[in-house]
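Protein chains in written order, with this note's numbering: chain P, 1 to 131; chain G, 132 to 538; chain W, 539 to 690. Inspection log for the structure reproduced underneath, given as structure tokens.
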């Protein structure tokens with residue numbers, strides 16, 4: 001298990017998949033992942049594509065791990081992870097806010113551990129929201 | 132035919148479309164995002180429904196009125212993907228209902244846009260950037276992914292009045308971010324900050340502008356940046372969500388920095404607006420109430436408070452009308468849950484997690500595709516659009532009017 | 539990008555001149571410029587070079603897909619941002635009131651356009667990398683955020 005800070009961001013290909021529909025395999029594939037530094041993947045003993053459980057006080061979600069792809073000048077960023085802003089990442093964002101009432105989308109503390117579970121389906125996420 | 136793209140707040144007006152048998156046979160000049168937006172005209176369209184059952188439009192509107200009539204603390208949320216005409220109807224409806232009104236800027240570019248619209252941060256148009264800017268600074272923003280044509284239409288590559296030699300000789304691009312984004316790969320300089328490190332970065336910039344050595348960060352890069360800033364003739368700063376989430380209540384630091392920079396040369400701020408008419412809503416609400424978002428008409432006169440922000444109002448409201456937005460997907464889990472626990476009315480052309488959880492779904496026409504309207508580009512320039520296909524769907528301004536007729 | 543040395547390593551390296559060039563390295567360069575084809579080297583088809591021939595075909599396969607200037611577009615990576623359209627010097631010269639100022643092309647003498655969300659190459663022969671007076675222009679590849687456009 002490792003601890004990371006997660007920053008969420010936007011991606012044009014995930015947007016394209018979202019515009020086709022939030023319930024597609026494509027949308028899940030392009031949204032449900034966490035990008036980790038090489039060193040962090042090694043610490044977890046996993047490789048690109050393996051599944052991880054990402055968890056914090058706000059919630060948890062199973063996504064695919066991806067190796068950081070910052071080319072052509074890869075700069076290591078151990079302890080820092082990246083996720084696409086999506087219903088998956090939103091499971092981890094707290095709803096308690098400070099004076100500005102702005103949620104913490106780009107500095108999410110979480111634990112990451114390998115898992116055998118399948119990637120969380122969007123229908124499951126909707127069920128949790130409607131529970 | 133010529134069309135306007137409502138895929139993002141650039142509102143590109145040079146789109147050439149060819150239609151055949153009701154489908155798009157060829158589209159020119161649409162970026163990947165815009166093309167996906169246009170194609171979405173044909174998939175996952177909503178149909179009127181009430182409590183999970185198919186209904187007629189009249190039945191759905193009747194039920195929506197009922198929910199709002201019975202509600203004591205209604206919340207009207209969304210707005211940034213609606214035309215200015217619809218936004219006006221929405222404000223009228225909120226006044227009629229004594230409702231709370233908030234939009235997507237509330238948890239994103241609102242903090243920046245407020246300062247721009249009230250003159251505390253000086254701004255300019257995108258055309259000014261193309262014609263005059265020799266420095267474009269993307270701060271916590273990645274336009275290549277969010278506003279794909281920003282660099283090619285305005286900020287870096289095109290020729291302009293004072294920038295005929297453009298990116299080859301007369302323009303520089305700098306990115307300040309926590310990662311090497313796609314935009315960073317194109318720019319001369321990437322200043323990489325740790326998450327939350329923007330306040331320190333601002334101090335470091337202030338230091339190099341005074342000719343001092345900064346205490347933090349890559350000193351060599353900061354000194355280079357200082358030199359660049361001092362040579363700038365017209366700077367354009369494009370701050371995005373990354374900067375907002377880092378500075379938050381310390382946004383005054385950005386004000387002081389830009390004031391200092393304006394002593395060197397004009398430095399203008401153009402906040403990256405998330406949805407195609409976000410700025411339109413903020414400007415309209417500001418004109419009507421003196422506030423850009425988070426207002427309540429419960430006491431008659433508009434009042435502004437953080438308790439009226441979507442983050443808080445989602446929990447305190449007892450019914451919500453969500454228009455052109457999918458908060459169940461885009462908001463933190465706890466807020467999404469709170470919203471899903473009250474009766475929801477969703478006005479949306481397309482299916483989403485929010486329409487799936489709503490008690491009432493009202494399908495609307497897509498602006499710029501099926502309905503005419505106006506919107507404000509991210510720099511405040513007004514753009515008008517016409518439909519490209521015929522549709523019997525009601526535009527949301529019409530739906531809101533119908534709801535308002537009998538609440 | 540494929541280099542001349544890589545190609546040379548897969549040739550017989552005998553300088554037999556059967557291709558019409560004095561050396562195999564010269565032939566390697568000619569292969570890359572598409573002035574010669576693999577078939578122009580008869581010795582390569584002898585059984586002892588079978589392995590090299592196979593590898594050479596694989597190495598040069600991308601050139602088949604590329605235009606005469608060696609341009610390849612990976613549509614699945616393209617953002618449709620138009621950076622290349624606005625940066626291309628041929629586009630700019632042909633279309634001073636369109637691409638040059640950031641708009642969609644108004645002239646049909648341009649070589650790069652964005653269609654259906656991705657970039658397309660038309661009139662490749664107008665590209666400055668083409669023909670006997672070619673230069674190593676890289677305006678389109680250097681301005682691409684995703685390496686969707688590249689030269690082999």
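Ideal placement from N, C-alpha and C gives every residue a C-beta, glycine not left out.
Bridge partner(s) assigned by DSSP for residue i
i	result
residue 320 of chain G	G:305
residue 35 of chain P	P:66, P:82
residue 208 of chain G	G:233, G:453
residue 134 of chain G	G:146
residue 184 of chain G	G:181
residue 659 of chain W	W:650
residue 2 of chain P	P:112
CB contact below 8 Å: residue i versus chain G
i	result
residue 87 of chain P	yes
residue 753 of chain W	Limits of chain W in this structure are 539 at one end and 690 at the other, which puts residue 753 of chain W out of reach.
residue 145 of chain P	No answer is possible for residue 145 of chain P: the residues shown for chain P start at 1 and end at 131.
residue 651 of chain W	yes
residue 109 of chain P	no
residue 22 of chain P	yes
residue 639 of chain W	yes
Whole-angstrom distance between residue j and residue i, CA atom to CA atom
i	j	result
residue 34 of chain P	residue 648 of chain W	41 Å
residue 568 of chain G	residue 588 of chain W	Only positions 132 to 538 of chain G appear in this structure, which leaves residue 568 of chain G out of reach.
residue 73 of chain P	residue 125 of chain P	Reliability of the predicted coordinates at residue 73 of chain P is poor, the pLDDT of 46 falling under 50, and no value is obtained from them.
residue 528 of chain G	residue 371 of chain G	29 Å
residue 212 of chain G	residue 301 of chain G	36 Å
residue 256 of chain G	residue 512 of chain G	7 Å
residue 225 of chain G	residue 19 of chain P	30 Å
residue 65 of chain P	residue 678 of chain W	33 Å
residue 317 of chain G	residue 381 of chain G	29 Å
residue 468 of chain G	residue 459 of chain G	8 Å
residue 631 of chain W	residue 591 of chain W	43 Å
residue 562 of chain W	residue 569 of chain W	10 Å
residue 314 of chain G	residue 549 of chain W	41 Å
residue 680 of chain W	residue 654 of chain W	22 Å
residue 308 of chain G	residue 7 of chain P	11 Å
residue 644 of chain W	residue 636 of chain W	5 Å
residue 207 of chain G	residue 239 of chain G	18 Å
residue 262 of chain G	residue 508 of chain G	17 Å
Residue i in three-state terms, based on DSSP
i	result
residue 114 of chain G	For chain G, the structure presents residues 132 to 538; residue 114 of chain G sits outside this window and is missing.
residue 525 of chain G	coil
residue 55 of chain P	strand
residue 73 of chain P	In this predicted model, residue 73 of chain P has a pLDDT of only 46, less than 50, meaning its place in the structure is not dependable; the value taken from the coordinates is given anyway. It is coil, neither helix nor strand.
residue 81 of chain P	strand
residue 411 of chain G	helix
residue 8 of chain P	strand
residue 344 of chain G	coil
residue 154 of chain G	strand
residue 572 of chain W	coil
residue 554 of chain W	coil
residue 29 of chain P	helix
residue 516 of chain G	strand
residue 481 of chain W	A question about residue 481 of chain W goes unanswered here, because the residues of chain W that appear run from 539 up to 690.
residue 508 of chain G	coil
residue 398 of chain G	strand
Any chain W beta carbon closer than 8 Å to residue i
i	result
residue 122 of chain P	no
residue 12 of chain P	yes
residue 162 of chain G	yes
residue 314 of chain G	yes
residue 73 of chain P	Here residue 73 of chain P scores only 46 on pLDDT, less than 50, and its place in the model should not be relied on; the value that follows carries that caveat. Taking Cβ atoms only, chain W never reaches closer than 8 Å to residue 73 of chain P, which makes this a no.
residue 259 of chain G	no
C-beta neighbour in chain P for residue i, strict 8 Å
i	result
residue 134 of chain G	no
residue 464 of chain G	yes
residue 489 of chain G	no
residue 251 of chain G	no
residue 311 of chain G	yes
Runs of alpha helix (DSSP H) lying entirely within the region 597-638 of chain W, each at least 4 residues, in chain order: 621-625, 627-632
Whole runs of the beta strand (DSSP E) within the region 215-288 of chain G, excluding any shorter than 3 residues: 231-234, 266-270
Within the region 428-505 of chain G, ranges of the alpha helix (DSSP H) (whole runs, at least 4 residues): 441-447, 458-461, 464-471, 484-488
Segments assigned alpha helix (DSSP H), at least 4 residues, entirely inside the region 349-395 of chain G: 350-362, 372-378, 383-392
Contained beta strand (DSSP E) runs [length at least 3] in the region 101-129 of chain P, N- to C-terminal order: 108-114
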